[in-house]
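S.K.: I have a structure I would like to understand better, so I am pasting it below and will then ask my questions one at a time.
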Amino acid sequence: MGNETQGITLRHELALPTNAQREWQDMELGLFCHFGINTFCDQEWGEGKDSPALFNPDKLDARQWVRTAREAGFRYFILTAKHHDGFCLWPTATTDYSVASSPWKNGQGDVVAECAAACREEGIGFGIYVSPWDRHEPSYADPALYDDFYARQLEELLTGYGPLVEVWFDGAGSEGREYDWPRIMGLVKKYQPQAMVFNMGAPTIRWVGNEDGLAPYPCWNTAESARASMFTNSTSHWLPETPRWVPAECDVPIRKDRWFWHPGEEHLLLSLDDLMDIYYRSVGHGATLLLNAAPDDRGLLPEVDAARLIEFGNEIRRRFGSSVAETAGVEEAAAEAAESAGFADDAAYTTVLPLPMGAVIDHAVLMEDIAYGERVRKYALEAFADGAWKVLHEGSAIGHKKIEAFPPVVAEKLRLRITEAAAEPVIRRMAAYRCL
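The sequence shown maps to residues 23 to 458 in my numbering.
In structure tokens:
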């Protein structure tokens, strides 16, 4: 006998997201911000030996970073509070390798606090990246001592900067190293229970497995493991209490292969076409996109990078800001198919969307109501044109969102026909667009 969930019969036991996971997936776009001692040393990975005296962004404006993110349509912002070099962007009590030892604001500055305040003012979520690997800290050679050290750092960040939307644990450099993840996860659950945890410990979101910002298709929301880092094919060792619903986040830098700012590399900036392709293959495959833009040694997003972010956001709004037509909910259902665990060959759940007379469409956006899990396993998207239904696309996963692009067609109706599902499909939204 199936379980009842708000009137929907579950014929199979499906993984379900938490409310916090659903809210995070609805954000869809996050801005990553790599900034630190590397910014002043023209390097990607410091060894933890660079002097704090080098850190002096005389025009630092976290509001410019976050305001740009918000204006471009990003809904959360993640700062590298500590990268692998161990330099801390907050005045931690655990080490003197931090902004407190720098000339910036005479050692009285706190980049984490300024970003947190800017996010509150701009109304977007704030998250932190805290590298477990620390190339500066002497205690790193002693796992037990370092676990104490890292726990103290994490507790400072979890308790000192308000609500966090995400805690980002980077696996790079930690291949083969075991940290005290039960303790670390205990701190997150105690102080920031609504925060998403990225890819380590008992994660609630997972790494997509590449740094190109691209999700494979299908990209299912359920997973039991994910790739640990770019430098190994092994998977992360997740704690037993890790949920089955672990959606993917796609990270990619806006300057090709460069996470931190480097002088004279404006030519590496991704084009608008590059970014839109990434958007279609991340958000459009049901994942969340975390796009990195790095402030320069002034402490400002470079003008060309900021302009490209705004251009990207404007293009998303141009294409998907206003639909030709849209609907929500399953309008037609084959009752006979609901009686079995599968679907009869001649029966399918359908959603039919009438279109304005003479409408030309070239895109569709499909969304399941993931509160009920990921149910669709096979579907066809069809247009009624010239007196007949024509298949535009066939696919498997819909999940949080699937963006379909197809050659322009003049159609009277659009139909989503689901031919295979794990349980009765619940369609949250179906929309038709003319984008190109």
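Beta carbons are placed, not taken as given, at the ideal position from N, Cα and C, and that holds for glycine. Since the model is a prediction, treat every value here as computed from it, not as a measurement.
Identify the residues that DSSP records as bridge partners of C141: which are they?
M.R.: Working through the sequence shown from its first residue, we reach residue 141 at position 119. Partner(s): none; C141 has no beta bridge.
S.K.: Nearest-angstrom Cα distance between I338 and A347?
M.R.: The residue given as residue 338 occupies position 316 in the sequence shown. The residue given as residue 347 occupies position 325 in the sequence shown. Roughly 17 Å separates the two Cα atoms.
S.K.: Beta carbon of T373, beta carbon of K400: below 8 Å?
M.R.: Residue mapping note: residue 373 aligns to position 351 of the sequence shown, counting from 1. Residue mapping note: residue 400 aligns to position 378 of the sequence shown, counting from 1. For T373 and K400, no; Cβs fall outside 8 Å.
S.K.: Here's a check: name, in chain order, each residue in its chain whose Cβ is nearer than 7 Å to the Cβ of S293, leaving out the five neighbours to either side.
M.R.: As a first step, residue 293 is located in the sequence shown; it is residue number 271 there, counting from the start. Answer for S293: no residue qualifies.
S.K.: Let me know the secondary structure DSSP gives Y394 once reduced to three states.
M.R.: Along the sequence shown, one-based indexing puts residue 394 at 372. Three-state DSSP puts Y394 in a helix.
S.K.: Please go through the same chain and pick out, in chain order, the residues whose beta-carbon is closer than 6 Å to the beta-carbon of M23, but skip the five residues on each side of it.
M.R.: Mapped onto the sequence shown, residue 23 falls at position 1. Confidence in M23 is poor, its pLDDT being 27 and thus under 50, which makes the residue's placement unreliable; the coordinate value appears in the next sentence. None.
S.K.: Can you list, in chain order, the stretches of the alpha helix (DSSP H) that have 4 or more residues and sit fully within the segment 327-352?
M.R.: Listed in chain order, nothing qualifies, since the segment 327-352 has no complete alpha helix (DSSP H) run of 4 or more residues.
S.K.: How many Å lie between P215 and P324 at the Cα?
M.R.: Sequence index remark: in the sequence shown, residue 215 carries index 193 (1-based). Sequence index remark: in the sequence shown, residue 324 carries index 302 (1-based). Cα to Cα, P215 sits roughly 35 Å from P324.
S.K.: Label N41 either buried or exposed according to how many other C-beta atoms from any shown protein chain fall within 10 Å of its C-beta, with 16 as the threshold for buried.
M.R.: The sequence position of residue 41 within the sequence shown is 19, counting from 1. Exposed is the call here.
S.K.: Please give me, in chain order, every unbroken run of the alpha helix (DSSP H) with length at least 4 that falls completely inside the segment 192-227.
M.R.: 203-213
S.K.: Alpha carbons only, please: which of L375, A444, R157 and E136 is nearest the one belonging to Y119?
M.R.: In the sequence shown, the residue the question calls residue 119 occupies position 97. Ranking L375, A444, R157 and E136 by Cα distance to Y119 puts R157 first.
S.K.: Flag T102 as yes if its beta-carbon sits less than 8 Å from any beta-carbon of chain D, otherwise no.
M.R.: Considering every chain present, this structure includes no chain D. It has just one protein chain.
S.K.: Check whether the segment 156-175 touches the segment 102-119, counting contact only when three or more Cβ pairs, one atom from each stretch, lie closer than 8 Å.
M.R.: yes
S.K.: Can you tell me the Cα-Cα spacing of S123 and I100, whole angstroms?
M.R.: Taking the first residue of the sequence shown as 1, we reach residue 123 at position 101. Taking the first residue of the sequence shown as 1, we reach residue 100 at position 78. The straight-line gap from Cα to Cα measures roughly 23 Å.
S.K.: Counting Cβ pairs, one atom from each stretch, are 3 or more of them under 8 Å apart for the segment 79-96 and the segment 293-306?
M.R.: Cβ pair count under 8 Å is below three, so no.
S.K.: Using a 10 Å radius around the Cβ and a threshold of 16 neighbouring Cβ atoms, would you call A445 buried or exposed?
M.R.: For the purposes of this step, residue 445 is taken as the residue at position 423 of the sequence shown. With 16 or more other Cβ atoms within 10 Å, it is buried.
S.K.: So if DSSP puts K412 in a beta bridge, which residue, or which two residues, is it bridged to?
M.R.: Locating residue 412 in the sequence shown gives position 390, counting from the first residue. According to DSSP, K412 bridges with A405.
S.K.: Which ranges does the alpha helix (DSSP H) cover as unbroken runs of at least 4 residues, wholly within the segment 274-318, from first to last along the chain?
M.R.: 294-302
S.K.: On the CB-based measure, 16 or more other CB atoms within 10 Å of its CB, does R51 come out buried or exposed?
M.R.: Numbered from 1 along the sequence shown, position 29 holds the residue referred to as residue 51. Reading the sequence as shown, one finds Leu at residue 51 and not Arg. Result: buried.
S.K.: Are there 16 or more other CB atoms within 10 angstroms of the CB of E426, so buried, or fewer, so exposed?
M.R.: As a first step, residue 426 is located in the sequence shown; it is residue number 404 there, counting from the start. That one is buried.
S.K.: Within 10 angstroms of the Cβ of N128, are there 16 or more other Cβ atoms? Answer buried if so, exposed if not.
M.R.: Here residue 128 is taken as the residue at index 106 of the sequence shown, counted from 1. Flag for N128 reads exposed.
S.K.: Buried or exposed for T15, please, with buried defined as at least 16 other CB atoms from any protein chain shown within 10 angstroms of its CB.
M.R.: No statement about residue 15 is possible, as the shown extent of the chain runs from 23 to 458 and does not include it.
S.K.: Assuming N243 and W260 are in contact, meaning their beta carbons sit under 8 Å apart, how far apart are those beta carbons, in whole angstroms?
M.R.: For the purposes of this step, residue 243 is identified with residue 221 of the sequence shown, where counting begins at 1. For the purposes of this step, residue 260 is identified with residue 238 of the sequence shown, where counting begins at 1. Not a contact, Cβ separation roughly 15 Å.
S.K.: Since E159 contacts G193 with CB under 8 Å, what's their CB separation in whole angstroms?
M.R.: By one-based count along the sequence shown, residue 159 stands at place 137. By one-based count along the sequence shown, residue 193 stands at place 171. Not really, about 18 Å apart at Cβ, beyond 8 Å.
S.K.: Which first and last residues belong to the beta strand (DSSP E) in which F148 is found?
M.R.: Counted from its first residue, the sequence shown places residue 148 at position 126. F148 -> beta strand (DSSP E) spans G147 to V152.
S.K.: Where does W126 sit, in a helix, a strand or coil, going by DSSP?
M.R.: Counted from its first residue, the sequence shown places residue 126 at position 104. Helix at W126.
S.K.: By a C-beta neighbour count over all protein chains shown, 10 Å radius and 16 as the cutoff for buried, is E263 buried or exposed?
M.R.: Working through the sequence shown from its first residue, we reach residue 263 at position 241. Per the 10 Å Cβ criterion, exposed.
S.K.: By Cβ distance below 6 Å, which residues in the same chain neighbour H284 in space, the five residues on each side in sequence not counted?
M.R.: Position 262 of the sequence shown, counted from the first residue, corresponds to residue 284. Closer than 6 Å at the Cβ level, and outside the excluded window around H284, lie D64.
S.K.: Measuring CB to CB, does F22 end up less than 8 Å from D384?
M.R.: Only positions 23 to 458 of the chain appear in this structure, which leaves residue 22 out of reach.
S.K.: Since A91 and I146 should fall inside the 8 Å C-beta cutoff, what is the C-beta to C-beta distance between them, to a whole number of angstroms?
M.R.: Working through the sequence shown from its first residue, we reach residue 91 at position 69. Working through the sequence shown from its first residue, we reach residue 146 at position 124. Yes, A91 and I146 are in contact; Cβ-Cβ is about 6 Å, under 8 Å.
S.K.: For the candidate residues Q43, P165, L76 and R330, whose alpha-carbon lies nearest to that of R320?
M.R.: By 1-based counting over the sequence shown, the position of residue 320 is 298. It is L76.
S.K.: So, do the segment 53-71 and the segment 273-283 have three or more beta carbon pairs nearer to each other than 8 Å?
M.R.: Contact annotation: the segment 53-71 touches the segment 273-283, with at least three C-beta pairs closer than 8 Å.
S.K.: Comparing C-alpha positions only, which one of P154, R437, P269 and L179 sits nearest to I392?
M.R.: Working through the sequence shown from its first residue, we reach residue 392 at position 370. That would be P269, whose Cα lies nearest to the Cα of I392.
S.K.: Counting C-beta neighbours from all protein chains within 10 Å, is the total for L458 16 or more, i.e. buried, or is it exposed?
M.R.: The count along the sequence shown starts at 1 and reaches residue 458 at position 436. Exposed: under 16 other Cβ atoms inside 10 Å.
S.K.: If you draw a straight line from the alpha carbon of N60 to that of P317, how long is it in whole angstroms?
M.R.: One-based indexing of the sequence shown puts residue 60 at position 38. One-based indexing of the sequence shown puts residue 317 at position 295. Each residue's alpha carbon lies about 11 Å from the other.
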